[in-house]
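To start, the structure under review is shown below, and the notes come after it.
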Amino acid sequence: MSLSIKIKDYEPVGEHIEFIIEVSDKVTGESWRFRRRYSNLRDAHKQLKSLDNKVPEFPPKKIFGSKNPRFLQQRKTDLEAYFNEIVKLSNLMQNSFTKDFLKPKDATLLKMSPSTPTVPYRKPKQGPEIQNFVNQLNDVVSTKFFDLSAQPAPAEEDEVKRQMKIFEGISKNLKIADNSRIPEGSHINGDYYKSSVVKQAWLKKSLHHLTKVVNKRDTSELLISFK
């Protein structure tokens, strides 16, 4: 932020004097104006002094003759010199209080910053050497990474369908056709012979019952015969 400050004029308002302060931003070209009483400027000076001890002395207060035109003209000059010393203190100008004080919300905008013209993008021209390099690079990338001739050819659609039908025929209606896998001694065994694969819960129950019989203490002899 690089500012230039001028005390443009002063104006009596009721029983007091208001100084018209105009600020210009040298970087953006923007300018604004606001009004402040001497007492308001003096209070701001106290705050600025607490932030940076390099702040110069504020123009002194005058008890008598404060509305004399000759005195007011001199005070206007002194205030302008004071503020232009303030803006030279870079650390102070970074403080939010200083920024808000020099550009208050009630300021009147005099000149807006000119908008930055938009420059359309232009593709840089390529010389013959660069164009040849790009062409060679494209050839290398295409050969190394996109050589479709090295990839296995996909199976024909008709062949895939034929294999699927063969598999479906093998697995369809799978039956149990082995008598040796079916226990004897139960009238329900015949129903499971050559039937679809099912969960035979009766076998688990039979083994559980057999375990109880074996664990009985009064069982003197137990003969199990397998055929």
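Residue numbers for the sequence shown follow this note's numbering, so the first one is 46 and each next one is one higher.
All C-beta atoms in this analysis are idealised placements derived from N, C-alpha and C, irrespective of residue type, glycine included.
From a predicted model like this one, the values you see are computed outputs, not experimental measurements.
Contact check for N136 against D97 passes: the beta carbons are separated by less than 8 angstroms. When DSSP states are grouped into helix, strand and coil, I211 belongs to the helix group. Nearest to L117 by alpha-carbon distance, out of D203, I52 and N183, is I52. Per the coordinates, the alpha-carbon of R78 lies some 7 angstroms from the alpha-carbon of L154.
Scanning I62, P159, K210 and I108 for the CA closest to the CA of K71 turns up P159.
Excluding sequence positions up to five before and after D151, its CB lies within less than 7 angstroms of the CB of F79, all in the same chain and listed in chain order. Ranked by Cα distance from P105, the first of K99, S95 and T122 is T122.
Here T73 is exposed: its Cβ has fewer than 16 other Cβ atoms, across all protein chains shown, within 10 Å. For the pair R87 and I66, the CB atoms are not nearer than the 8 angstroms cut-off.
With contacts defined as CB atoms closer than 8 angstroms, L134 and K99 qualify as a contacting pair. F103: not part of any beta strand (DSSP E); DSSP gives it neither H nor E. Boundaries around L117 are those of the alpha helix (DSSP H), P114 to I131, since no beta strand (DSSP E) includes it. Look at P57 here: in three-state DSSP terms it is strand. DSSP places L155 in the uninterrupted beta strand (DSSP E) bounded by T153 to K156.
Between the C-alpha atoms of G59 and P114 there is a straight-line separation of about 16 angstroms.
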